[in-house]
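K.L.:
If you scroll down you'll find the structure; I have some questions about it.
Numbering (our numbering), first residue to last: 75 to 199.
See below:
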């Protein structure tokens, strides 16, 4: 049986963002709540390996972007390039079977992304 799992790649910015989210939660709530929230984000990441189309399509921002809320964090995902966007056939090229976590954004820090600015913001951070 072929392996249909995707590879999840964290950008350095996503690592930093997760640490900042944890620090904010520990300061405003408790380290236990911050730990639980970070675990929820990591669980979401693990789930992406098997269910790459989790969340809401954000093609209004940029094609291939999805978002998921792990309250109060808005989590942006850049999908791998697929041969077919069909749910029936998720054939993907082996080299492209990766997610790139560009940013994890919390609460009111969501950048004002318009279609024209989304590419610059998401790919230059």
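Each residue gets a CB set at the ideal place from its N, CA and C atoms; glycine is no exception.
#1: Which two residues bound the contiguous alpha helix (DSSP H) that contains residue 85?
#2: Figure out for me which residue from 99, 85 and 152 has the closest Cα to the Cα of residue 127.
#3: Compute the Euclidean distance between the alpha carbons of residue 123 and residue 83, then round it to the nearest angstrom.
#4: If you reduce the DSSP assignment to three classes, tell me which class residue 141 lands in.
#5: Within a Cβ cutoff of 6 Å, which residues of the same chain sit near residue 111, ignoring the five residues on either side of it in sequence?
#6: Closer than 8 Å by C-beta to residue 141: which residues in its own chain qualify, once you throw out the five before and the five after it? Chain order, please.
P.N.:
Taking the coordinates as given:
#1: No alpha helix (DSSP H) holds residue 85; DSSP gives it neither H nor E.
#2: Minimum Cα distance to residue 127 is reached at 152.
#3: Here the alpha carbons of residue 83 and residue 123 stand approximately 10 Å from one another.
#4: When secondary structure is reduced to three states using DSSP, residue 141 falls in the strand class.
#5: The beta carbon of residue 111 lies closer than 6 Å to those of 99 in the same chain, with the five residues before and after it left out.
#6: The beta carbon of residue 141 sits closer than 8 Å to those of 129, 130, 132, 148, 149, 150 and 151, all from its chain and outside the five residues before and after it, given in chain order.
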